[in-house]
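Input: a single structure, listed below in structure tokens.
There are 4 protein chains.
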Amino acid sequence: MSHNTFGHLFRITTWGESHGPALGVVVDGCPAGIPLSEEDIQPWLDRRRPGTSRHVTPRQEADRVRILSGTFEDERTGGPVTTGAPISLMIENTDVRSKDYDAIRDLWRPGHADYTYDAKYGLRDYRGGGRSSARETAARVAAGAIARKVIGDGVTVRGALVEMGGIAIDRSRWNWDGTLENPFFSPDPDVVPEWERLLDSLRTEGSSTGAVVEIVASGLPAGLGAPVYGKLDADLAGAMMSIPAVKGVEIGSGFDSARLRGEAAADEMRMGDVGPVFTSNHNGGVLGGISTGQDLVVRFAVKPTSSIRIDRMTLNRDFEETTISTRGRHDPCVGIRAVPVGEAMTAIVLADHWLRHAGQSAL
Amino acid sequence: MSHNTFGHLFRITTWGESHGPALGVVVDGCPAGIPLSEEDIQPWLDRRRPGTSRHVTPRQEADRVRILSGTFEDERTGGPVTTGAPISLMIENTDVRSKDYDAIRDLWRPGHADYTYDAKYGLRDYRGGGRSSARETAARVAAGAIARKVIGDGVTVRGALVEMGGIAIDRSRWNWDGTLENPFFSPDPDVVPEWERLLDSLRTEGSSTGAVVEIVASGLPAGLGAPVYGKLDADLAGAMMSIPAVKGVEIGSGFDSARLRGEAAADEMRMGDVGPVFTSNHNGGVLGGISTGQDLVVRFAVKPTSSIRIDRMTLNRDFEETTISTRGRHDPCVGIRAVPVGEAMTAIVLADHWLRHAGQSAL
Amino acid sequence: MSHNTFGHLFRITTWGESHGPALGVVVDGCPAGIPLSEEDIQPWLDRRRPGTSRHVTPRQEADRVRILSGTFEDERTGGPVTTGAPISLMIENTDVRSKDYDAIRDLWRPGHADYTYDAKYGLRDYRGGGRSSARETAARVAAGAIARKVIGDGVTVRGALVEMGGIAIDRSRWNWDGTLENPFFSPDPDVVPEWERLLDSLRTEGSSTGAVVEIVASGLPAGLGAPVYGKLDADLAGAMMSIPAVKGVEIGSGFDSARLRGEAAADEMRMGDVGPVFTSNHNGGVLGGISTGQDLVVRFAVKPTSSIRIDRMTLNRDFEETTISTRGRHDPCVGIRAVPVGEAMTAIVLADHWLRHAGQSAL
Amino acid sequence: MSHNTFGHLFRITTWGESHGPALGVVVDGCPAGIPLSEEDIQPWLDRRRPGTSRHVTPRQEADRVRILSGTFEDERTGGPVTTGAPISLMIENTDVRSKDYDAIRDLWRPGHADYTYDAKYGLRDYRGGGRSSARETAARVAAGAIARKVIGDGVTVRGALVEMGGIAIDRSRWNWDGTLENPFFSPDPDVVPEWERLLDSLRTEGSSTGAVVEIVASGLPAGLGAPVYGKLDADLAGAMMSIPAVKGVEIGSGFDSARLRGEAAADEMRMGDVGPVFTSNHNGGVLGGISTGQDLVVRFAVKPTSSIRIDRMTLNRDFEETTISTRGRHDPCVGIRAVPVGEAMTAIVLADHWLRHAGQSAL
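Protein chains in written order, with the UniProt record's numbering: chain A, 1 to 363; chain B, 1 to 363; chain C, 1 to 363; chain D, 1 to 363.
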């Protein structure tokens, strides 16, 4: 039991605070012999990096990842490969402006973990949210890059923002390549101007909004996962809900399933060219906790950023009533940068089950 | 890593198949000195028991629980108390009609785990779904009764059916006592006739429907839970998604949070008579994975029963196309009996965190 | 973390007290498709069974094992095979004479866990030692039989008593078959009469003695095990020390290694017909926590039975000084019946590592 | 399951290779509010540091530890205290001479993990033993310093070398303070000159020798530990056997227990001034896996350093027969520097059980 470790055969242990000297992750269980260098990880970190558009926090973090252990020169290629030893990754924090946080030192910000950390621990590192900061998710994204190498090129894990501030994409226009071409990871290019207007307006007003993220993993074999308490979908639900600000998770048709009749919800089976195919995917690629071979579809809801400039009522640490408005540098919609985090957590869950399936773990 | 074990300090390991001789659970970590007899567990099992109304499966199971270990006479009262040793509970299967299942021996039932178990294990116990049967949840409910004793009478964990077949309750009529007075655990008595008509009609047609269940835990202290990967809400999400047929989980306002603005989503804090109070509960009683002291609110979506009498297309184990209609004895809405299961899993998650919080575990 | 669970991919959870209605074990992670019936388990239990000679406790326990879950008819042979689901085994306690223990209800027996259980839990099931009784090891032996099936016939795990009451075997007379032909599991037939005289004398005097057990696993591949904290020898050390009354564990030359010079301790390597061979086995078949392919050699020391008829000074639960002499039915040398338990724990550790190595786990 | 993680509620995850840029450890579960700075850790690392006398390796490592996360200024004192977040410690490798190892790149050193790592992983970082190097134990010692803070000043954990090359100390001269005054951690000053002569001679000859280390923890309460598979002594046995080169572990009288009669082995109980006292401590302070309140006594055997200058027969990676003699910079008796490592592992095991006992974990 560890609250900073996730996974079993492929497992990550993250550490670090928003305003500490660095953050990092130890990845354990990665099989030996996989080519791995910092160049394999950095692009995924860049995808999540702050400061890349006016729609995310202007905090400037290079987020350069460094591999401190677990790789060694391959005797054939001379390039670095994994050795089966734990892979330690470190990212230094460079643009830290802790002074910004003096004002909230003794206040509990509504919607943040300030009050609950104080209740549990009796103290908290208030600078940028300390350990509860979404900055911890950089370590997840770095680990996710290694998870992707474990599951291999045959499986793709992609994410998209499918709704923001109540404005949903049009699924008939879904285009995965499009997610790489706008700052929102939107698969529907036509919704982008609407979202831009929404965010510009929210930023002006000092407010924020929520979003819905969808992650799809394609190319999975049937038979990945496990029954009862090790279900692929149960692991994914826990993984997604562990991302800061997430308040709901769905697999396949999710809550809409509750409104279907049995005959509509059944994903009927037919025989395709290379194996079973299904007439629909209400179950999101999982039955009984085990993959069907269809696309794995996970969706999660992200609440609006709690740090807003609009005054909210709160208490200070002496239990006195007061109000707060948060300055600092914040994403008006944390759901955007949650896309690469959701992808990473999905890849990590899949890598964990993959190693059980394939029997290749270094552990 | 175990797929049949759930929890850390309070942990359950379940075993048994739908049509085996018995099923059971080993509960480990329960503190010593808690009064516990079969009478403390049986009422919760009766709540989930099949055959109690025309709206659930007519399978007749007494579901009598037997305590095989872990309790001993208290020297003061003479009554049985827990000793800190593992508590083994067993429930015999009595009304097993495996013949019903010969017809599906070589077919994969759409929406069931038949195909995926075969893909993973190369074989499956097809009688009543074997290990993937919802019958396994009887063991969870039995363990949940012990979890309730661990967290004590100060915390209540209650569940309700809040939507069935797209027909939602009216929340203004919410009445917890009402959930004990109708076969649907509905907190809104006025929706009951509508649901009865729906189920009667579905039963006639041989179809089924889905439902939404809400679990509320009241009386929690602030500070229960943990950060990052041990979040109370992440554990609950995994727990609920591990219940058969569940496809979505929400905490507090859940997916609706994604449509809120930051100032609306903030649960503002005021000072009450005995401590902080909140102006709303969009966060469902959890911030940063740790309880706020408000009601903990979890909601989950249950898909329609996959076993229906209406013909569906499928394959047999030789990958030949065919159709299937399932006879046997099935619940037209498995969401109903999921209510006590959701309560039990919530109590188990809470007991697990409770022991860390209170430092009382037998482990 | 569970104190009644052992193992990771192959894992056992035991339950039950010495004088409760039954004891048992849930075995999780056993791959699907392995033929398994009660007949595969019973002979190993019989090997450990009490009442088989005058040198062990006269308690009469049939120790009949019952498989309650996890197997199903194989469609080809019709015989039962594992399904990947948890295997629940139960053994009923039949010859329970709890009255024998009334006298020790309020006394702490020196050398037993009576005082420490009271210190930890505030109460204890004093009948026959309750949970701390060596009777729990019946469940380990039953699980060990399944572990043996997992690692297959190519690996043999055998145990022998190599020393009793300070009288050691003559290793030049080592004969594995001999261990099946005397009540001591002695590989040296010539030591048997000496040991018999010793035990007869101890029994008359109401005393007891200790012993040393050696377990050897042959046929292992090189490469089984893992580094650092998952070392094969570290797991074995923990496993052996968890057996009641064990006070020391050695691998290979063990404590004698501390007296060797580097050049003597080195197990030099030569090339044999089918792979590397070694000139000696001081390391007991493990280097860096990973198997070398040589025999795996584990030895453990068992202290004398603490329940003796000779008066010893002790305290009662009111902290008053008194004396105790234990009647009941006890083994004069618990080391004898520790042989099959040591074998079982070795097989369980090997099965756990085997599944990681072979990638076949049901988990 | 992780091979680089140890512990449950207090748990450490180590990473790093002998010749990588750095090594480190993430300590999870440390309660919040404990004063902790690098000054609390450094002295323990210095105790284990190479290059401190002619009797240990001349490798020059400053072994400066850096705290990267998990502490924050205490609002009262201004000094750093733990926050409940994971504590990441890093030690840079500075005196790395990898060239020394080119000669062994393709050879398997007898007694080392070279062959077994190749067998398991198909490759290995051969520089200084890579991950299998005893250099990893620096991270354990750093984590042990934090474990000591968790169990507090009331418990002392001390280690001593009690035998080297077959020359044992005289226990009648035992003096704990003396262990700080000689390079061997010997509690018997009179044995020191003998050991010096032995080591000088071995160094000249290019040989090495083994040793026995004893760790004693004083001041423990009764009731610490747990039954069955979570026994304090089972955890200690696994912990000690995980230290490189350890081949045997004993608790209390250990293997000598096997030669005792029951009445001699019983640690009889009397009433002392403040609670129960015992007439002896053959059980080494543990009964049934739970502490008695006496001194906890653990002893372990360390084999001779495998890297010696004397030619030994071996194979190369092409399975060709050859000989090897290892140059590099090695300890002639690795048992010496195992003393602080054994202390650290004992403190870590105790901290893990302590948190369960006291209910203070951050987890």
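Backbone N, C-alpha and C fix where the C-beta goes; we use that ideal spot for every residue, glycine too. Here the structure is a predicted model, which means the values were calculated and not measured.
Per DSSP, the beta bridge partners of residue 72 of chain A are A:81. Boundaries of the beta strand (DSSP E) harbouring residue 299 of chain D: 296-302, taken from the DSSP string. Nearest C-alpha to residue 249 of chain A among A:225, A:99, A:343, A:300: A:300. DSSP, reduced to helix, strand and coil, places residue 156 of chain D within a strand of the structure shown. Annotation for residue 147 of chain C: 347, 348, 351 place their beta carbon closer than 6 Å to its own, counting only its chain and skipping 5 residues before and after. Just measuring C-alpha positions, the residue of C:125, C:179, C:182 sitting nearest residue 99 of chain C is C:125. Burial check for residue 95 of chain C: the Cβ neighbour count within 10 Å stays below 16, so the residue is exposed.
With its beta carbon less than 8 Å from one in chain C, residue 83 of chain B belongs to the interface. DSSP lists A:271 as the beta-bridge partner residues of residue 276 of chain A.
Rounded to the nearest whole angstrom, the CA to CA distance from residue 317 of chain C to residue 107 of chain C is 6 Å.
For residue 162 of chain A against residue 212 of chain A, the beta-carbon gap comes to about 5 Å, under 8 Å, which counts as contact. Beta-bridge partners assigned by DSSP to residue 25 of chain D: D:14, D:89. Contact holds between the stretch 20-27 of chain B and the stretch 125-143 of chain B, because three or more Cβ pairs, one in each stretch, are under 8 Å apart. The shortest C-alpha to C-alpha distance from residue 137 of chain C to any of C:155, C:49, C:272, C:54 is the one to C:49.
Comparing C-alpha distances from residue 353 of chain B to each of B:324, B:303, B:230, B:265 shows the shortest one belongs to B:230.
Cβ proximity to chain C below 9 Å picks out 255, 256, 257, 258, 259, 260, 261, 262, 263, 264, 265, 266, 267, 268 from the stretch 255-268 of chain D. Selection A:75, A:144, A:4 evaluated against residue 41 of chain A yields A:144 as nearest (Cα-Cα). Listed by position along chain C, the residues whose Cβ is nearer than 8 Å to that of residue 136 of chain D are 228. Collapsing the DSSP output to three states places residue 58 of chain D in coil. Annotated three-state conformation of residue 185 of chain B is coil, per DSSP. When rounded, the separation of the alpha-carbon atoms in residue 205 of chain C and residue 79 of chain C is 51 Å.
At least 8 Å separates the CB of residue 93 of chain C from every CB of chain B. Counting only residues of its own chain and dropping the five nearest sequence neighbours on each side, residue 114 of chain A has a CB closer than 6 Å to the CB of 108.
Close to chain D, meaning a Cβ-Cβ distance shorter than 8 Å, are the following residues of the stretch 18-38 of chain A: 20, 21, 22, 23, 24, 26, 28, 29, 32, 33. Here DSSP, grouped into helix, strand and coil, assigns residue 339 of chain D to helix. Annotation: the continuous alpha helix (DSSP H) that includes residue 137 of chain C extends over 137-151. Look at the stretch 281-307 of chain D: it has no residue with a C-beta under 8 Å from a C-beta of chain A. Under the three-state reduction of DSSP output, residue 227 of chain C falls in the coil class, being neither helix nor strand. The Cβ neighbour count for residue 312 of chain D, taken over all protein chains shown within 10 Å, is at least 16; the residue is labelled buried. Sequence-distant Cβ neighbours of residue 268 of chain A in its own chain, meaning closer than 6 Å and more than five residues away, are 279.
Looking at A:34, A:9, A:197, A:273, the one whose alpha-carbon comes closest to that of residue 332 of chain A is A:197. Contact between the stretch 231-238 of chain B and the stretch 227-247 of chain A is present: 3 or more CB-CB pairs across the two stretches fall below 8 Å. Contact between the stretch 149-156 of chain D and the stretch 27-41 of chain D is present: three or more C-beta pairs spanning the two stretches fall below 8 Å. CA-to-CA, the gap between residue 208 of chain D and residue 256 of chain C works out to about 15 Å. Under the Cβ distance rule, residue 86 of chain A does not count among the residues neighbouring chain B, no pair being separated by less than 8 Å.
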